[in-house]
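Peer 1: First residue of the sequence shown: 1, per full-length UniProt numbering; consecutive thereafter.
In this text, a Cβ means the ideal position worked out from N, Cα and C, and glycines have one as well.
Take this structure first; my questions come after.
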Amino acid sequence: MSLFRRLLNPFSSTPSPPSQADKDALARRTKANKPVLVTYESNPIPIPPPSSPECTALLALAESSVADVSKSEDGSPWRRAMVNVGVGYEVFTPHYRNSDRLIWDRQEVIDRIWARCLRAEGLREQAEEVSGQPVITRGCKLERKREEGSRWRFVRANERMRFLKYSGGEFFQAHRDATFGEERDGKMLESLFTLHLYLNDSKAAVGDGAELVGGATPFLSNDYKRRIDVDPKAGRVLIFQQRGLLHSGDDVKEGVKYTMRTDLMYEVVE
């Protein structure tokens with residue numbers, strides 16, 4: 001049983017505290033710049049990360065992709081990040097989500113990032129099919145149309161990359177990622193996992209050579225009393241289930257934090 005299952009399982013009324021061995025295992029992976037696959041069912045999996053120069057290049061390409069007509073009044077490619085409130089509407093709620101955002105749709109780019117992730121031993125096998133794991137799929141739109149326990153097959157990473165920029169004092173309050181659904185090539189797809197890529201270093205991860213202070217991603221227990229922090233480091237990736245995982249973005253105290261997130265899309269296998 002993984003650290004994250006014990007810490008975050010919403011179905012357990014008396015969750016066990018993580019063991020020191022669990023804490024040490026997670027610390028070894030994050031300190032070694034080996035990102036983790038976070039689910040209730042699986043142990044962390046190391047992923048060969050992109051390099052810092054690659055992350056810098058990816059960020060520059062994303063900024064250059066924004067057309068002039070879409071830039072803000074000061075010519076910046078970044079706009080304030082909004083919160084989805086349903087039925088196609090978004091609102092700006094700075095007390096809850098306070099950061100800038102840039103959206104870039106490019107399937108070829110995210111395919112290359114995903115191919116890099118698949119170098120991790122065991123990730124392909126765990127990600128290519130999800131079955132018998134209602135803790136991940138229960139409540140999904142496609143699941144509700146069928147009996148619980150359907151098999152879900154990986155189709156692709158979502159082409160929509162959301163780049164996020166957190167400057168001094170900005171944050172994202174505790175939340176759970178929403179699933180994303182769409183029809184593509186006659187198939188109904190829905191997301192089950194978030195892929196989150198950090199694009200620059202923090203002092204907590206690499207020491208004094210970094211300008212960023214703060215900005216960790218805490219995974220929280222439902223009562224907010226326990227947390228596991230993942231600190232930003234260029235090339236570090238988190239892949240975690242969207243259903244039920246409460247997490248946040250800590251305040252950036254100094255410097256700027258850059259990240260990119262997208263979704264892993266699945267179809268239900270009849």
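1. Thinking C-beta only, is D177 closer than 9 Å to Q126?
2. Return the CA-CA distance between F92 and M82, expressed in angstroms with no decimal places.
3. With a 10 Å radius around its C-beta and 16 neighbouring C-beta atoms as the bar for buried, classify Y258 as buried or exposed.
4. By the DSSP assignment, the beta strand (DSSP E) with E90 in it spans what residues?
5. Is it the case that the Cβ atoms of Y166 and V237 are separated by a distance below 9 Å?
6. How long is the line joining the alpha carbons of L215 and V85, rounded to whole angstroms?
7. What residue range does the beta strand (DSSP E) around A174 cover?
8. Is A210 near the ligand ADP, judged by its Cβ being under 8 Å from some heavy atom?
9. Quick one: give me the first and last residue of the alpha helix (DSSP H) that K233 is part of.
10. Taking Cβ to Cβ, would you say A234 is nearer than 9 Å to L199?
11. When the Cα atoms are used, what is the spatial distance from I192 to D208?
12. Hey, quick one: how far does the beta strand (DSSP E) through R160 stretch, first residue to last?
13. Going along the chain, which residues of its own chain have a beta-carbon closer than 8 Å to the beta-carbon of I103, five neighbours each way excluded?
14. Quick check: the Cα distance between S202 and M260, rounded to an integer number of angstroms?
15. With K71 as the anchor, note down where its beta strand (DSSP E) starts and where it stops.
16. I'd like to confirm the pairing. Which residues does DSSP put opposite D229 in its beta bridges?
17. So who's on the other strand from S202, going by DSSP bridges?
18. Check whether the Cβ atoms of L220 and V252 sit closer than 9 Å, and answer yes or no.
19. How is the alpha helix (DSSP H) around A115 delimited, first residue to last?
20. Flag E143 as yes if its beta-carbon sits less than 9 Å from any beta-carbon of chain D, otherwise no.
21. How would you call G249, buried or exposed, if buried means at least 16 neighbouring beta carbons within 10 angstroms?
22. If you draw a straight line from the C-alpha of C55 to the C-alpha of A62, how long is it?
23. Mind checking who L245 pairs with in its DSSP beta bridge?
24. I think E170 touches S72, with their Cβ atoms under 8 Å apart; what is that distance to the nearest whole Å?
25. If you draw a straight line from the C-alpha of M265 to the C-alpha of A67, how long is it?
26. Could you compute how far the alpha carbon of Q107 sits from the alpha carbon of H95?
Peer 2: Inspection of the coordinates gives the following:
1. no
2. 5 Å
3. buried
4. 89-91
5. no
6. The question names Leu, but residue 215 in the sequence shown is Gly. Near 25 Å, if we compare the C-alpha coordinates of V85 and G215.
7. 171-175
8. By its list of ligands, the structure shown contains no ligand whatsoever, and the ligand ADP lies outside what it can speak to.
9. Note, K233: premise wrong, no alpha helix (DSSP H); not H, not E.
10. yes
11. Position check: residue 192 holds Leu in this sequence, whereas Ile was assumed. Their backbone Cα atoms lie some 37 Å apart in a straight line.
12. 160-166
13. R160, M161, R162, F163
14. 15 Å
15. Where K71 is concerned, there is no enclosing beta strand (DSSP E), given that its DSSP letter is neither H nor E.
16. P218
17. L212
18. no
19. 107-117
20. The displayed structure is made up of one protein chain only, and chain D is not part of it.
21. buried
22. 11 Å
23. Paired residue(s): none; L245 is not in a bridge.
24. Not really, about 16 Å apart at Cβ, beyond 8 Å.
25. 27 Å
26. 33 Å
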